[in-house]
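What follows is a short report on a single structure.
In the numbering used here, the protein residues as written are 19 to 233.
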């Protein structure tokens with residue numbers, strides 16, 4: 019999911035990444051940066067766009083010393099896990115992730131090292147199932163550390179134009195927020211004109227685990 023403002027299809031041209039969040043019930047996320055946005059369809063080519071997962075919001079508007087050419091997934095002191103195959107994650111170099119460790123063990127290592135330090139945190143691999151699971155488990159801590167800011171940050175490689183936007187499965191808005199509903203509904207028409215595809219705008223109610231289609 020990506021929380022967006024007035025026009026959701028064009029990434030910031032000055033930013034080398036596009037920021038999303040990966041939501042699962044067991045991650046405990048009930049908030050987003052904005053109350054409306056897009057949900058990508060899990061198509062086969064989506065994996066190629068995914069770069070890494072930060073368990074905490076990574077404040078990707080700023081670099082924090084991260085390497086732009088590696089999609090902000092690592093720093094000069096933390097080498098990418100497998101650059102040759104597009105894995106720029108840094109938790110392996112940070113000593114958090116290792117072969118043979120379970121997701122729970124890596125999650126525990128992550129929070130023992132970083133606690134609530136969002137700017138210094140390493141990134142988990144999106145290509146290693148155990149690392150990705152560790153990132154989800156580590157997301158659970160966000161509510162206790164940050165309160166409202168309880169989401170993770172899934173980093174995607176940017177698309178260059180509206181013609182290259184990943185396929186969208188739905189737009190969302192927070193149930194009960196009329197302004198967010200109005201924006202999400204407007205996205206439906208814009209996306210139809212852009213791609214010819216019809217996708218719904220859905221009301222989400224994370225605290226109660228509900229997604230609805232409202233007229």
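Glycine included, each C-beta is placed from N, C-alpha and C at the ideal position.
May I have a chain-ordered list of the beta strand (DSSP E) segments no shorter than 3 residues that lie completely inside the stretch 150-218?
-> If we require 3 residues or more, the beta strand (DSSP E) runs fully inside the stretch 150-218 come out as 171-174, 186-192.
In whole angstroms, what is the alpha-carbon distance linking residue 226 and residue 40? 18 Å
How about residue 34 and residue 55: do their beta carbons lie closer than 8 Å? no
Please go through the same chain and pick out, in chain order, the residues whose beta-carbon is closer than 7 Å to the beta-carbon of residue 210, but skip the five residues on each side of it. These residues qualify, in order along the chain: 216.
Query raised in the report: Around the C-beta of residue 173, are 16 or more other C-beta atoms found within 10 angstroms, so that it is buried, or is it exposed?
Result: buried
Review point. What are the boundary residues of the alpha helix (DSSP H) that includes residue 84?
Key: Segment: none, residue 84 is in no alpha helix (DSSP H) and carries neither H nor E.
Exercise. For residue 231, name the three-state secondary structure that DSSP assigns.
Key: Correct three-state label for residue 231: coil.
* To do: Would you kindly work out how many angstroms separate the C-alpha atoms of residue 182 and residue 219, rounded to a whole number?
  => 21 Å
Within 8 Å, do at least three Cβ pairs link the stretch 105-119 to the stretch 133-152? yes
Residues near residue 64 in its chain [Cβ-Cβ closer than 7 Å; skip 5 each side]: 58, 184
Roughly how many angstroms lie between the CA atoms of residue 110 and residue 213, to the nearest whole one? 39 Å
**OP:** With distances taken Cα to Cα, identify the nearest neighbour of residue 188 among 177, 203, 197.
**Re:** 203
- Message: Quick check: what's the CA-CA separation for residue 42 versus residue 154?
- Response: Our two residues, residue 42 and residue 154, have alpha carbons roughly 8 Å apart in a direct line.
Original post:
Alpha carbon to alpha carbon, how far is residue 92 from residue 98?
Top reply: 6 Å
Just to confirm, is the Cβ distance from residue 53 to residue 168 under 8 Å? Not in contact: residue 53 and residue 168 (Cβ atoms no closer than 8 Å).
Inset, instruction - For the alpha helix (DSSP H) holding residue 128, just list the boundary residues, first then last. - result: 121-132
* Asked: Going straight from the alpha carbon of residue 192 to that of residue 36, what length do you get?
  -> 21 Å
Sequence-distant residues of its chain with Cβ nearer than 8 Å to residue 122 (five each side left out): 152, 155
| Same chain only: Cβ atoms within 6 Å of residue 198, ignoring 5 sequence neighbours per side | 53, 54, 191, 192
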